[in-house]
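Asks: The numbering used here puts the first residue of the sequence shown at 53, with every later residue one more than the last.
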Amino acid sequence: MAEKVLIDCDPGIDDALALALAHGSPALDVVGITTVGGNVELGHTTRNALCLVDYYGMDVPVARGAGRPLVREPRTAADVHGETGLGGVVLPEPTTSRLSDRHAVDFLVDRLAAEPGEISLVAIGPLTNIALALRKEPRIVEWARRLVIMGGAYGRGNSTPAAEFNIHADPEAAAVVFGAPWRPVMIGLDLTHQARADAAVRAGFAGLGRLESELLTPCLDFYGEHAGRHHAGPAVHDACAVAHLIDPGLIETVPARVDVETHGRFTSGMTVTDFDAPVPNADVATVLDRDAFWSVVTEAFRNVARGMP
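#1: Taking a contact to mean a Cβ-Cβ separation below 9 angstroms, would you say L297 touches V174 in this structure?
#2: Helix, strand or coil, according to DSSP, for E93 in the structure here?
#3: Please state the DSSP three-state secondary structure of S50.
#4: Measure how close the beta-carbons of L73 and V312 come, nearest whole angstrom, since I'm counting them as under 8 angstroms.
#5: Give me the Cα-Cα distance between V161 and E135, rounded to the nearest whole angstrom.
#6: As a quick exercise: from L302, I65, D60, T98, pick the residue whose alpha carbon is nearest that of V83.
#7: Which runs of the beta strand (DSSP E) fall wholly inside the region 183-214 and span at least 3 residues, in chain order?
#8: Following the continuous beta strand (DSSP E) through V57, name the residue where it begins and the one where it ends.
#9: Give the secondary structure of L122 by DSSP, where H, G and I count as helix, E and B as strand, and everything else as coil.
#10: Using CA coordinates, which residue listed in A215, A225, H278 is at the minimum distance from S320?
#11: Determine the contact status of V237 and V336, defining contact as a CB-CB distance below 9 angstroms.
#12: Count the other CB atoms within 10 Å of the CB of R163; is the residue buried (16 or more) or exposed (fewer)?
#13: Counting beta carbon pairs with one atom in the region 201-214 and one in the region 86-100, are three or more of them shorter than 8 angstroms?
#14: Going by the DSSP bridge assignment, what does L151 pair with across the sheet?
#15: Where L122 and Y108 are concerned, what is the direct C-alpha to C-alpha distance, given to the nearest angstrom?
#16: Would you mind giving the Cβ-Cβ distance between V92 and G137, rounded to the nearest angstrom? I have them listed as a contact below 8 angstroms.
#17: Tell me the residue span of the beta strand (DSSP E) that contains P307.
#18: Pairing CB atoms from the region 267-284 with CB atoms from the region 53-72, are three or more of them under 8 angstroms?
#19: Can you tell me which of the three DSSP states V88 falls into?
#20: With L69 as the anchor, note down where its alpha helix (DSSP H) starts and where it stops.
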């Protein structure tokens, strides 16, 4: 039976690919999408989620969440994802409205409460919605089947030398989430930088029709140009978190203690990772089975392409 999953996201180019992976995988059943301000402003991330749901042919509600961090001024990554979040891609307006009338925090709490232990949560944007949900209903730590976070790094960051963007965008929220009594999986940059869409990977997307020509190619071209040039292509960070839910064997993890720095002048947003801690609070991703990962992703994209309206 497919694992039910709620996706909290800030689409975002790599979020768009992560949503396609989740939709196209027979191992997952996406039961809801919540949006947060992050890569671009909340209005854009919510519109992008609605457009992507319609474009992929997903029958999934979308709930709009927090537009700003808990205490800080908002920051975006529009320089990497483009002004509206999807590079140069302009998707058709949704033909059906799947926008929930509930706030994302209420949606998350109520959905997890309705099926305790049955729904996994994957967070691939700043952790503001998750932190607010924890404050409203601490029992979500018991109700969520699994929590997988794309964020952080035990090495260098990308938003600053010390901090990865999703954590740096709202360090206080991340501190709440990592400080709660559950055991999340942290899929950080040290892992996601192993998932680069190089020329050979992209050749495997040939034959995917509209999905390849209208979304994958222009998104990856833009991402590769603006996310920092790398000979092996752009890293598809968020898809790695979804892939871990599909098959945990794709990613090696190591128990560790993760604390989020909220005060450092140069280190705010750093995920301080202690692999020798006597009491770990997270499982930290270290090694990706790259060939198997891209096989899973490509097959899921084929499924999406076949089912697109």
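Glycine included, C-beta positions come from ideal geometry on N, C-alpha and C. All values reported here derive from a predicted model rather than from experimental measurement.
Replies: Working from what's here:
#1: yes
#2: coil
#3: Any answer about residue 50 is impossible in this case: the structure gives the chain only from 53 up to 361.
#4: Not really, about 27 angstroms apart at Cβ, beyond 8 angstroms.
#5: 31 angstroms
#6: D60
#7: 196-202
#8: Its beta strand (DSSP E) spans residues 55-61.
#9: coil
#10: A215
#11: yes
#12: By the neighbour-count rule (16 or more Cβ atoms within 10 Å), R163 is buried.
#13: no
#14: V114
#15: 32 angstroms
#16: 4 angstroms
#17: First-last of the beta strand (DSSP E) with P307: 303-312.
#18: yes
#19: coil
#20: 65-76
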